[in-house]
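Peer 1: Residue numbering for the sequence shown follows my numbering, beginning at -10 and increasing consecutively. Don't be surprised by glycine CBs; every beta carbon is placed ideally from N, CA and C.
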Amino acid sequence: GTALLLYLFLKLHINMTQKRSLTRVFLSFTLLGLIYFSILPAAFAQEGDIPTDPAIISAGKSLFDGNCKTCHRVNAKLVGPALQDVYNRAPSIDWIVSFVNNSSKVIGSGDEYAVALYEEYNKTQMTAFPSFDRDQVMSILAYVKQETDNPTVAAGPAVDDPKTPGETGVASTYINAIMVGLIIVLVLILVVLILITTILQKYLNQRNDLDEDDKAIVNPTVSLDGLVKSKPFIFIVIFLFAAIAFKVVINNLYAVGVQIGYAPKQPIAFSHKIHAGQYEIDCNYCHTGVRKSKSANIPSPNICMNCHSAVKTESPEIQKIYAAIENDRPIEWVRVHNLPDLAYFNHSQHVEVGGIECQTCHGPIEEMDVVRQHSLLTMGWCIDCHRKTDVNTKGNEYYDKLVELHDEGSKEALKVEDIGGLECSKCHY
Ligand code: HEC
Ligand code: HEC
Ligand code: HEC
Ligand code: HEC
Ligand code: HEC
Ligand code: HEC
């Protein structure tokens, strides 16, 4: 139908150039309007089927967060395409359902749209979700549609715009620029004022109708030169200098053996602020051991490749990952946190059993471009927390008997020290 209308429109136009008539112009534009409205419903037919029920949207959000978020955002490209408007661009809703169920089957069938997409994303394999039925996919689409139409404000700017990490930097350089500008203006004003006073002084000194009092005001006895050479002034300067030097020395002495703030330069400019912050990739995704074992693990290059086989492939920093894999050599990350060998620390005990957030010990890692040591990591630091922190006994049968015994003898909650958290042998081999 659209094609026919288009044909009529073109034919009319060609005729029109030969013989202009008002009715023809009118007719041709009516046709144009018809073409427009004949395409419009086709484009939005699929969107119309998508549910708008808040309960379905919220179910869709949790499905999306749990299964799709590692690779997709609604309003930004990540490993896979931005899903906004996908219901309008994909061949059909049924197509989307089968693609989510098993994308490689759809690509394998030679489907043109799927193959083109697969090529565009450097043949990155999307995970198959064979258990998802049509309703579940529809609920995800409902969430996608809601996020397309009114992006959540809180999550919006952080994920929408890949440039946000620089923005705070831009803001602070902006402020710095303003400060520098202000200082320059102030210095200029000062120079101009000094010039004016010296000129005025010279001029006034040339006049002879001034009495002694006026002269005293024009030529003050305290000159700047005198001030700089005066004893109190020299004393104050020396004192300030000594105080600053003293403070620096003391700070450095305190820091002997303590590496708080230690932030070595890493071989690849990997940023937690981008990965864990902006793209909200879960810590466990990379630090796979952190909930299961003593040590948190630094991810191998293969984990990076889950995304970087397709993301930012041209970046020189990413090329370093490819080089490491090609040469079969690990990336030589510089260790930031390091306890001496005599101490034993176990991550799963603290994170999984104790329920402590990474940030309690490591600080706001998701805001750091370069990881730095946030806590003291001294014995005093461990002990202090063991004295203050309640044991996370909820839902842990292992503690039931202990809690019962403890509650008979004490009104206070069970602390780590009560389960032996201060015993030397717990932390020392
Ligand atoms: C491992 C990463 C990954 C996960 C997880 C993932 N996808 Fe994808 N998705 C992709 C990639 C990559 C593409 C691009 C096509 C390709 O390379 O196969 C894609 C394409 C799509 C498309 C087609 C987009 C378009 O522009 O037409 C849809 C729809 C889609 N994914 C939905 C989902 C849904 C829904 C989920 C969660 C249930 C999900 N994906 C989970 C990686 C992923
Ligand atoms: C995309 C992968 C990835 C994610 C997600 C990630 N990290 Fe990392 N993490 C790394 C890599 C790679 C290093 C080593 C390079 C470095 O220190 O920056 C590292 C280093 C660290 C270190 C310092 C290790 C040392 O040498 O002492 C800490 C602590 C850390 N991550 C905590 C976290 C926390 C907390 C989160 C979640 C908020 C997180 N990471 C999320 C990849 C990741
Ligand atoms: C779950 C997906 C994912 C994983 C896994 C991942 N990255 Fe990334 N990475 C991204 C995204 C998305 C960006 C931002 C790309 C952009 O700015 O357009 C990025 C950006 C980067 C950048 C900045 C590139 C540049 O030039 O701006 C570096 C470097 C980087 N990643 C290194 C790593 C390393 C090393 C690992 C493995 C420890 C890793 N990434 C794992 C998704 C991932
Ligand atoms: C109770 C404090 C504490 C918590 C909570 C904690 N860490 Fe650590 N983390 C440490 C200490 C201490 C070290 C140094 C361990 C060592 O040198 O043996 C460390 C080291 C690391 C390292 C370097 C590699 C390693 O295993 O030694 C990574 C990566 C790391 N932590 C990630 C995490 C992540 C991710 C979380 C949250 C899931 C987390 N940490 C929670 C205290 C903590
Ligand atoms: C933020 C608070 C916190 C910090 C800091 C902390 N711990 Fe713990 N630790 C806990 C909690 C809570 C538990 C109890 C976990 C459980 O229920 O088993 C615990 C348990 C332990 C245990 C097992 C104790 C037992 O009796 O089973 C050891 C060993 C331990 N921590 C070592 C360390 C060391 C070593 C450090 C310092 C490098 C440290 N912890 C720092 C909170 C902390
Ligand atoms: C909660 C864990 C924990 C407990 C309990 C603990 N320590 Fe420590 N201890 C540490 C850590 C961690 C270090 C390393 C700190 C550092 O490097 O500053 C350390 C360091 C030390 C050192 C210093 C070694 C050096 O090279 O400076 C000595 C000695 C020591 N502990 C003895 C003890 C004795 C004795 C006890 C029992 C009364 C004890 N510790 C109980 C965690 C603990």
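Are asparagine 139 and alanine 117 closer than 9 Å when you measure CB to CB?
Peer 2: Counted from its first residue, the sequence shown places residue 139 at position 150. Counted from its first residue, the sequence shown places residue 117 at position 128. Their beta carbons are not under 9 Å apart, which means asparagine 139 does not touch alanine 117 by this criterion.
Peer 1: Tell me which residues pass a beta-carbon proximity test against ligand 8: closer than 6 Å to any heavy atom, given in chain order.
Peer 2: Here the bound small molecules are ligand 1, ligand 2, ligand 3, ligand 4, ligand 5 and ligand 6; ligand 8 is not part of this structure.
Peer 1: Identify the residues that DSSP records as bridge partners of histidine 417: which are they?
Peer 2: Within the sequence shown, residue 417 is the residue found at index 428, counting from 1. Looking at the DSSP assignment, histidine 417 forms a beta bridge with Ala332.
Peer 1: Which value, in whole angstroms, describes the spacing of the CA atoms of tyrosine 251 and phenylalanine 121?
Peer 2: Residue mapping note: residue 251 aligns to position 262 of the sequence shown, counting from 1. Residue mapping note: residue 121 aligns to position 132 of the sequence shown, counting from 1. Near 47 Å, if we compare the C-alpha coordinates of phenylalanine 121 and tyrosine 251.
Peer 1: State the start and end residues of the unbroken alpha helix (DSSP H) segment that holds tryptophan 370.
Peer 2: Position 381 of the sequence shown holds residue 370. Here the alpha helix (DSSP H) through tryptophan 370 covers 368 to 377.
Peer 1: DSSP three-state call for lysine 94: helix, strand or coil?
Peer 2: Translated into positions along the sequence shown, residue 94 becomes position 105. Three-state result, lysine 94: helix.
Peer 1: Roughly how many whole angstroms lie between the Cα atoms of lysine 309 and alanine 402?
Peer 2: Taking the sequence shown and counting its residues from 1, one reaches residue 309 at position 320. Taking the sequence shown and counting its residues from 1, one reaches residue 402 at position 413. C-alpha separation (whole angstroms): 51 Å.
Peer 1: Return the first residue and the last residue of the alpha helix (DSSP H) that isoleucine 129 is part of.
Peer 2: Residue 129 sits at position 140 when you count from the first residue of the sequence shown. Element bounds for isoleucine 129: 123 to 138.
Peer 1: In the DSSP output, which residue or residues are listed as bridge partners for lysine 404?
Peer 2: Locating residue 404 in the sequence shown gives position 415, counting from the first residue. Bridge partners of lysine 404: Asp379.
Peer 1: Taking Cβ positions, are glycine 266 and serine 337 nearer each other than 9 Å?
Peer 2: To locate residue 266, count along the sequence shown from 1; it is residue 277. To locate residue 337, count along the sequence shown from 1; it is residue 348. Not a contact, by the Cβ cut-off of 9 Å.
Peer 1: Hey, glutamate 136 and valine 63: beta-carbon distance below 9 Å or not?
Peer 2: Taking the first residue of the sequence shown as 1, we reach residue 136 at position 147. Taking the first residue of the sequence shown as 1, we reach residue 63 at position 74. In this structure, valine 63 lies closer than 9 Å to glutamate 136 by Cβ.
Peer 1: Do you know how far the Cα of valine 300 is from the Cα of leucine 67?
Peer 2: Here residue 67 corresponds to residue number 78 of the sequence shown, with the count starting at 1. Here residue 300 corresponds to residue number 311 of the sequence shown, with the count starting at 1. So the alpha carbons of these two residues sit roughly 7 Å apart.
Peer 1: Among Asn111, Ala71, Ala166, which residue has its Cα nearest to the Cα of lysine 134?
Peer 2: Here the question's residue 134 lines up with position 145 in the sequence shown. Of the candidates Asn111, Ala71, Ala166, the one whose C-alpha sits nearest the C-alpha of lysine 134 is Ala71.
Peer 1: Under a CB-based cut-off of 9 Å, is proline 288 close to chain C?
Peer 2: Absent from the structure: chain C. Only one protein chain is present.
Peer 1: With C-beta atoms as the reference, is glutamine 255 less than 9 Å away from valine 359?
Peer 2: Position 266 of the sequence shown, counting from 1, holds the residue named residue 255. Position 370 of the sequence shown, counting from 1, holds the residue named residue 359. Yes.
Peer 1: Starting from the C-beta of glutamine 362, find all residues in its chain whose C-beta is less than 7 Å away, skip the five residues before and the five after it, and write them out in chain order.
Peer 2: Here residue 362 is taken as the residue at index 373 of the sequence shown, counted from 1. Gln248, Ile249, Gly250, Tyr251, Val325, His326.
Peer 1: Using beta-carbon positions only, say whether glutamate 356 and lysine 262 come within less than 9 Å of one another.
Peer 2: Position 367 of the sequence shown, counting from 1, holds the residue named residue 356. Position 273 of the sequence shown, counting from 1, holds the residue named residue 262. Their beta carbons are under 9 Å apart, which means glutamate 356 touches lysine 262 by this criterion.
Peer 1: So, threonine 378 versus glycine 343, is the Cβ gap smaller than 9 Å?
Peer 2: Stepping through the sequence shown from its first residue, residue 378 is reached at position 389. Stepping through the sequence shown from its first residue, residue 343 is reached at position 354. Result yes, Cβ atoms of threonine 378 and glycine 343 sit closer than 9 Å.
Peer 1: Taking isoleucine 257 and alanine 131 to be in contact with their CB atoms under 8 Å, please state how far apart those CB atoms are, rounded to whole angstroms.
Peer 2: Residue 257 sits at position 268 when you count from the first residue of the sequence shown. Residue 131 sits at position 142 when you count from the first residue of the sequence shown. That pair is no contact at about 39 Å.
Peer 1: Do glycine 69 and methionine 127 have their C-beta atoms within less than 9 Å of each other?
Peer 2: Mapped onto the sequence shown, residue 69 falls at position 80. Mapped onto the sequence shown, residue 127 falls at position 138. Cβ distance not < 9 Å, so glycine 69 and methionine 127 don't count as in contact.
Peer 1: Just how far apart, CA to CA, sit cysteine 57 and alanine 44?
Peer 2: Taking the sequence shown and counting its residues from 1, one reaches residue 57 at position 68. Taking the sequence shown and counting its residues from 1, one reaches residue 44 at position 55. Whole-angstrom Cα-Cα distance: 19 Å.
Peer 1: Just to confirm, are tyrosine 333 and histidine 276 a CB contact at a threshold of 9 Å?
Peer 2: For the purposes of this step, residue 333 is taken as residue 344 along the sequence shown, with counting starting at 1. For the purposes of this step, residue 276 is taken as residue 287 along the sequence shown, with counting starting at 1. No, they are not a contact pair.
Peer 1: With a 10 Å radius around its C-beta and 16 neighbouring C-beta atoms as the bar for buried, classify phenylalanine 53 as buried or exposed.
Peer 2: By one-based count along the sequence shown, residue 53 stands at place 64. Buried.
Peer 1: Look at the alpha carbon of asparagine 165 and the alpha carbon of isoleucine 239, and state the distance between them as a whole number of angstroms.
Peer 2: Locating residue 165 in the sequence shown gives position 176, where the first residue counts as 1. Locating residue 239 in the sequence shown gives position 250, where the first residue counts as 1. Their backbone Cα atoms lie some 30 Å apart in a straight line.
Peer 1: Just checking threonine 59 against ligand 3 - is the residue's beta carbon closer than 8 Å to any of the ligand's heavy atoms?
Peer 2: As a working note, residue 59 is residue 70 in the sequence shown. Yes; taking the cut-off as 8 Å, the Cβ of threonine 59 has a heavy atom of ligand 3 nearer than that.
Peer 1: May I ask which residues mark the beginning and end of the alpha helix (DSSP H) holding leucine 365?
Peer 2: Stepping through the sequence shown from its first residue, residue 365 is reached at position 376. Careful: leucine 365 lies outside any alpha helix (DSSP H) and carries neither H nor E.
Peer 1: Is any heavy atom of ligand 3 found at a distance shorter than 8 Å from the C-beta of isoleucine 257?
Peer 2: The sequence position of residue 257 within the sequence shown is 268, counting from 1. At least one heavy atom of ligand 3 is nearer than 8 Å to the Cβ of isoleucine 257, so yes.
Peer 1: What's the C-alpha gap between serine 51 and glutamine 125?
Peer 2: For the purposes of this step, residue 51 is taken as residue 62 along the sequence shown, with counting starting at 1. For the purposes of this step, residue 125 is taken as residue 136 along the sequence shown, with counting starting at 1. Roughly 11 Å between the two C-alpha positions.
Peer 1: In this structure, does DSSP put glutamate 355 in helix, strand or coil?
Peer 2: Position 366 of the sequence shown, counted from the start, is the residue given in the question as residue 355. Three-state DSSP puts glutamate 355 in a helix.
Peer 1: How many Å lie between asparagine 208 and leucine 365 at the Cα?
Peer 2: Locating residue 208 in the sequence shown gives position 219, counting from the first residue. Locating residue 365 in the sequence shown gives position 376, counting from the first residue. Distance between the alpha carbons of asparagine 208 and leucine 365 is about 59 Å.
Peer 1: Rounded to whole angstroms, how far is the Cβ of valine 340 from the Cβ of arginine 280, which I believe are closer than 8 Å?
Peer 2: Position 351 of the sequence shown, counting from 1, holds the residue named residue 340. Position 291 of the sequence shown, counting from 1, holds the residue named residue 280. Correct: roughly 6 Å between the Cβ atoms.
Peer 1: How is glutamate 269 classed by DSSP in three states: helix, strand or coil?
Peer 2: Sequence index remark: in the sequence shown, residue 269 carries index 280 (1-based). It is coil, neither helix nor strand.
Peer 1: Out of Ile129, Val392, Asp373, which has the shortest C-alpha to C-alpha gap to threonine 382?
Peer 2: As a working mapping, residue 382 is identified with position 393 in the sequence shown. Here the closest residue by C-alpha is Val392.
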